[in-house]
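UniProt numbering applies: residue 1 is where the sequence shown begins, and numbers increase by one. Ideal placement from N, C-alpha and C gives every residue a C-beta, glycine not left out. Have a look at the structure below, then the notes.
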Amino acid sequence: MYRATVLAACALALLANVECRYAGDRTNHIRRASVSSEEHQEIRHRVHKASTCGYESCPVPKPGMLNVHLVPHTHDDVGWLKTVDQYYYGSRNNIQKAGVQYILDSVVSELIKDPAKKFIYVESAFLMKWWDEQTPELQEQVRELVNQGRLEIIGGAWSMNDEAVTHYQSIVDQFTWGLRRLNETFGECARPRIGWQIDPFGHSREQASLFAQLGFDGMFLGRLDYQDKMRRLEDKEPEMLWHASDNLGEAADLFTGVLYNNYGPPPGFCFDILCQDEPIIDDKRSYDYNVDKRINEFLMAVESQAKRFTTNNIVLTMGGDFTYMDAQMYFKNMDKLIRETNKRQSNGSMVNAFYSTPSCYLKSLHDADKTWTTKNDDFFPYASDPHTYWTGYFTSRPTLKWFERVGNNMLQVCKQLNALVRNEPDSLELLREAMGVMQHHDAITGTEKQHVAEDYAKLLHDAVSGCAESSGDALRKIFANATNVSSQYNKMAVNMELETCPGLNISQCAYSEREDSFVVTLYNPLARTKKQFVRLPVQAGTQEAQISYTVLDHEGKAVPSQLVPVPSFVRNLPGRTANTTAELIFLAEIPPVGVASYLVNRQKTKNSEGENADYLYADLKSAKYNKADQLVIGTQDLSLTLDTKSGRVINGSFNGTELNLNQEFLYYRGASGNNEVFENRSSGAYIFRPNGTAHPILDGKDSIKFDFVAGDLIDEVHQTWGDFVHQIIRVYKVGVDYAEFDWVVGPLPDKKDPFDGREIINRFTTNLKTDGHFATDSNGRETLHRKLNHRDTWNVSIVEQEAGNYYPITSLLRLTGMPENSDKGVSLAVIPDRAQGGSSLADGQLELMVHRRLFRDDAFGVGEALNETAYGEGLIARGTHYVRAGSSEDKTALGKERVLAQDVLLPVILFFSSGKNYSKEQWKQTAQKYSALSKELPPSLHLMTLEPWGQNKVLLRLEHFFEQDDHPEWSLPATVDLQNLFSAFTVKSVRETTLGGNQWLSDAERFKWKTNDKTPKRHNKRTLDLENDASTYKMEKHFIPLNGTEVTLRPMEIRTFILEI
1 MYRATVLAAC
11 ALALLANVEC
21 RYAGDRTNHI
31 RRASVSSEEH
41 QEIRHRVHKA
51 STCGYESCPV
61 PKPGMLNVHL
71 VPHTHDDVGW
81 LKTVDQYYYG
91 SRNNIQKAGV
101 QYILDSVVSE
111 LIKDPAKKFI
121 YVESAFLMKW
131 WDEQTPELQE
141 QVRELVNQGR
151 LEIIGGAWSM
161 NDEAVTHYQS
171 IVDQFTWGLR
181 RLNETFGECA
191 RPRIGWQIDP
201 FGHSREQASL
211 FAQLGFDGMF
221 LGRLDYQDKM
231 RRLEDKEPEM
241 LWHASDNLGE
251 AADLFTGVLY
261 NNYGPPPGFC
271 FDILCQDEPI
281 IDDKRSYDYN
291 VDKRINEFLM
301 AVESQAKRFT
311 TNNIVLTMGG
321 DFTYMDAQMY
331 FKNMDKLIRE
341 TNKRQSNGSM
351 VNAFYSTPSC
361 YLKSLHDADK
371 TWTTKNDDFF
381 PYASDPHTYW
391 TGYFTSRPTL
401 KWFERVGNNM
411 LQVCKQLNAL
421 VRNEPDSLEL
431 LREAMGVMQH
441 HDAITGTEKQ
451 HVAEDYAKLL
461 HDAVSGCAES
471 SGDALRKIFA
481 NATNVSSQYN
491 KMAVNMELET
501 CPGLNISQCA
511 YSEREDSFVV
521 TLYNPLARTK
531 KQFVRLPVQA
541 GTQEAQISYT
551 VLDHEGKAVP
561 SQLVPVPSFV
571 RNLPGRTANT
581 TAELIFLAEI
591 PPVGVASYLV
601 NRQKTKNSEG
611 ENADYLYADL
621 KSAKYNKADQ
631 LVIGTQDLSL
641 TLDTKSGRVI
651 NGSFNGTELN
661 LNQEFLYYRG
671 ASGNNEVFEN
681 RSSGAYIFRP
691 NGTAHPILDG
701 KDSIKFDFVA
711 GDLIDEVHQT
721 WGDFVHQIIR
731 VYKVGVDYAE
741 FDWVVGPLPD
751 KKDPFDGREI
761 INRFTTNLKT
771 DGHFATDSNG
781 RETLHRKLNH
791 RDTWNVSIVE
801 QEAGNYYPIT
811 SLLRLTGMPE
821 NSDKGVSLAV
831 IPDRAQGGSS
841 LADGQLELMV
851 HRRLFRDDAF
861 GVGEALNETA
871 YGEGLIARGT
881 HYVRAGSSED
891 KTALGKERVL
901 AQDVLLPVIL
911 FFSSGKNYSK
921 EQWKQTAQKY
931 SALSKELPPS
941 LHLMTLEPWG
951 QNKVLLRLEH
961 FFEQDDHPEW
971 SLPATVDLQN
981 LFSAFTVKSV
991 RETTLGGNQW
1001 LSDAERFKWK
1011 TNDKTPKRHN
1021 KRTLDLENDA
1031 STYKMEKHFI
1041 PLNGTEVTLR
1051 PMEIRTFILE
1061 I
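Next up, the structure:
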């Protein structure tokens, strides 16, 4: 969406004198396709013999002429200023005039009338909703348009996803679902070949890598830093080959093009009902006849653009936000534009205009057989002018970002469990769709209006709740058929309660609070045995009437446990209704892709008149000290030291590595202005623009109030940093090698605050010398090197020092350097539980932004300040930073960080049921410990996807989730036999597909491109043998061939299969 006032328009205007201006259902029923699921399986990989789609349907450019590819398109946000349904149905036009159903109605009508016209569509969420409402007759006509290549699907995901704060697993999932629906509905001709990321606010290298693995030949993007764009246009390098992986080599290379006008038409040539541009009047009898004038203006525009590109083909994006509600109006004027432009060829004009598509334009570039420049880094951060860095959305709406992670976790569990019982319920489809919507570049980013954010949350809540129920149903089926328990238990399992507790993040669960005896069943979605500490809200009684608990594993053995108090700042959270004042903690072990059950019994010493767990706090006088005024929590292997006077962390010891480590909360004051000139930009939902450097929450004179908890399993410090920042610091004493910093931030001060909002950061300061170097992840996958005040692609000039050095942190922020007076390097890593913005703004420092509340809009279209409230006051956000450190000489450290990030992404899911009337012997006969695998995967392999894929089929996706230098053992190739992998079913056949599951790998080919890359071939083992003269190559050459049902994966490879079971 064109989100700017005139001031923030394209920096391109500074270079090319271009006028800067801006154009300005929840599904109520499950879709019912017109063919059966069995027919879908046949359609999925079928090629329509009579089709002329794809590259075969492209117009032929004229040699020696400037060929102008006019691409009619609409950009339909899956929620932004209006909700998904409001956009689809065209309601609430007082907010924005937009109705997607009318766009598709109108466009299809025009395409049917004229075989010369073309149109592209991107958002499968809207297309499938519209499709389900059409008559069989119209559906057949639309299929024919697709088969003729005149209605071309580009991208094909459920929504156009953001690239900064999305996790690669969710990106792949939403592409998989969108591409599956397209294949089921239209067949092979709807398979996209092009990525179309025209509106996301910066672009990740991992996104390009995933596009390559999907089989795409290229991608086009709309937004990149204004300095980068000016430099590229000046040097005629807006199109390049992107080296998108340091591990996959050429297999992840992707041709990438920067669109000249973002994604709008040339200035003055928007012919939409939403625009004010002058139409083409070709009646010579009219006093307003303007053909000559308009064609002259058009030729000037295309010739100006052509000077910045290197072939005799250019692309014009003829569309914008929700354009073509009256397609006849736009097409009629484009018809005239094409006709009158081409008429001039008879008078010597060398411009040839025609309807085209992004794939046809890409084909013309490929056919030009030229040599292209290359790129290795990403396109973050994105700035649209010297004072406008789009880095605030990395953190905006932190609770929605966390909820999206909850949705991803439940989606993986729901897919796996239903695949195991051979079911594909409606609830699974709804969660797939809800998560697809959440990846949209105005959903997870937090850049939507407040009522839209609430609609997203409702959509996701309903879908997560539905999948929790169907997951419980699947577990009941598994238990009912279990062979390791009594037949009586099999019968009882059919009606077993399996409830989830969505309030565990605020220490609330009615089941564990009210029951004297209950069973907690844990499901592990990872393909390796997992040990995880479980925290359950429970009653603790009082000092005079204490309550104790026993925890039994599936063998009836007692499991060590510990009670810890729930701090008052959690107990008093708005909306929390629980009376529990304590949490019961124990370490659980859950088999791979499996469940483990634990029985919890409560014992009361006497009747309790109340509930107060403060007696569980330790007396500081009995605490362990390094020396006077220093409190040590943890063990010899892992400990943190706090200064008892200030209450702050001052040192960390991680498995023998000592580190001067200080942790504190600070805030930036949001800049405020009228947004009328660059210098007056406000900090807002998109933009991070602090008014100066960060300020401590507490000044140096103030101490942090804290309480201390000590036990056999865990030590905790509960801190109060003032009115709106609190924290729990945890160091577990067994089973983990990291510390937890559990922050509770909010409500941030309201408009009475003397500042126009605050942006809260958690900063870790060390004595490491890092020379401005640090590392971040890319969508939770490969690691990228960063350097302060630096861009690999151009000599950057940064006015906004903080915002201009912020990066998206999806799963990792790392610092490596030498401590003072030491010759041994140390690495410090912070892993967040959701996407956040972060950086290293000074040597030895890492910071992550955890919360934002602002009172001015940044003038990029939302029209609202980022002022989230709940329960009548500012929103409170809670989350965790997982911190580990070690020697940089430890060759296993990077691998351990990656495992921890995966554990944070995919924790176990807890289900609760009654434990009444279980004796210890009865429990041993009925307790469950179950795995769907015959054996766990090798440590380097991840079961990325296991989901139902039609009758007696599942989609299996395996990933080698280590980079080639992460670990001396785990970074080696790993092999697994699919035939013997599962105990839950027998594999009858295996066939490999591309990443999206929508094309057989053996059929997949991609364009080959020539480059001027003079550097040595990257990672020779991964370089393809492409020295022949062919213009394409087979994608299967990327991989080690299957050996029967044995598959071998190398670092960072993802391999996708359809298994018949």
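Starting from residue i and walking both ways along the alpha helix (DSSP H), at which residues does that stretch end?
{"i": "Arg898", "result": "893-905"}
{"i": "Asn451", "result": "In the sequence as displayed, the identity of residue 451 is His instead of Asn. 450-480 is the span of the alpha helix (DSSP H), which, as asked, contains His451."}
{"i": "Leu145", "result": "136-147"}
Is the CB of residue i under 8 angstroms away from at least one CB in chain D?
{"i": "Val725", "result": "The structure shown contains no chain D, having only a single protein chain."}
Quick one: what does DSSP say residue i is sitting in, helix, strand or coil?
{"i": "Ala164", "result": "coil"}
{"i": "His203", "result": "coil"}
{"i": "Ala368", "result": "coil"}
{"i": "Glu152", "result": "strand"}
{"i": "Ile295", "result": "helix"}
{"i": "Asn952", "result": "coil"}
{"i": "Asn342", "result": "helix"}
{"i": "Asn572", "result": "coil"}
{"i": "residue 1082", "result": "Summary: the structure shown does not reach residue 1082, with the chain confined to residues 1 through 1061, and so no result is reported for it."}
{"i": "Ser384", "result": "strand"}
{"i": "Val830", "result": "strand"}
{"i": "Tyr598", "result": "strand"}
Along the chain, where does the beta strand (DSSP E) containing residue i start, and where does it finish?
{"i": "Ala419", "result": "Not the beta strand (DSSP E): Ala419 falls in the alpha helix (DSSP H), residues 398-420."}
{"i": "His773", "result": "773-777"}
{"i": "Ile590", "result": "582-590"}
{"i": "Glu544", "result": "Note, Glu544: premise wrong, no beta strand (DSSP E); not H, not E."}
{"i": "Asp643", "result": "638-643"}
{"i": "Met219", "result": "218-221"}
{"i": "Thr657", "result": "657-669"}
{"i": "Thr317", "result": "313-321"}
{"i": "Tyr87", "result": "Per DSSP, Tyr87 belongs to no beta strand (DSSP E); it is in the alpha helix (DSSP H), 84-89."}
Can you list, in chain order, the residues of its chain whose CB lies under 7 angstroms from that of residue i, leaving out five sequence neighbours each side?
{"i": "Tyr871", "result": "Pro574, Gly575"}
{"i": "Lys62", "result": "Asn352"}
{"i": "Asp25", "result": "Caution applies to Asp25, whose pLDDT of 33 falls short of 50 and renders its modelled position unreliable; the value that the coordinates give is listed next. Once the five neighbours on either side are set aside, the close Cβ partners of Asp25 are Val84, Asp85, Tyr88, Lys129."}
{"i": "Arg898", "result": "Phe961, Phe962, Asp966"}
For residue i and residue j, I'd like the C-alpha separation in whole angstroms.
{"i": "Asp326", "j": "Ala98", "result": "11 angstroms"}
{"i": "Asp225", "j": "Phe379", "result": "7 angstroms"}
{"i": "Ser364", "j": "Glu782", "result": "32 angstroms"}
{"i": "Asp105", "j": "Asp173", "result": "29 angstroms"}
{"i": "Asp385", "j": "Ala803", "result": "12 angstroms"}
{"i": "Arg44", "j": "Ala1004", "result": "No answer about Arg44 holds up, because its pLDDT of 38 lies below 50 and its placement is not dependable."}
{"i": "Glu1060", "j": "Ile194", "result": "30 angstroms"}
{"i": "Ile338", "j": "Phe354", "result": "6 angstroms"}
{"i": "Asp737", "j": "Gly155", "result": "41 angstroms"}
{"i": "Gly1040", "j": "Glu56", "result": "The sequence shown places Ile at residue 1040, rather than the Gly named in the question. Using only the alpha carbons, I get a separation of about 31 angstroms."}
{"i": "Thr135", "j": "Glu404", "result": "35 angstroms"}
{"i": "Ala453", "j": "Arg92", "result": "16 angstroms"}
{"i": "Lys401", "j": "Glu340", "result": "50 angstroms"}
{"i": "Pro938", "j": "Asn409", "result": "22 angstroms"}
{"i": "Leu906", "j": "Pro267", "result": "47 angstroms"}
CB-CB under 6 angstroms to residue i, same chain, minus the five flanking residues each way: which ones, in chain order?
{"i": "Ala865", "result": "Leu854, Phe855, Arg856, Asp857"}
{"i": "Thr74", "result": "Ile103, Gly319, Thr323, Tyr324"}
Keeping to the same chain, check which residues put their C-beta closer than 8 angstroms to that of residue i; ignore five residues upstream and five downstream.
{"i": "Leu841", "result": "Leu788, Gln801, Glu802, Asn805, Glu847"}
{"i": "Val826", "result": "Thr657, Leu659, Thr766, Leu768, Thr816, Gly817, Met818, Pro819, Ala885, Gly886, Ser887, Ser888"}
field: At least three beta-carbon pairs within less than 8 angstroms, the stretch 1029-1036 to the stretch 948-958
entry: These segments do not touch.
- request: Decide yes or no for the touch test of the stretch 502-521 against the stretch 530-538: beta carbon pairs closer than 8 angstroms, at least 3 of them.
  value: yes
- prompt: Touch check for the stretch 761-780 and the stretch 808-820: three-plus C-beta pairs under 8 angstroms?
  reply: yes
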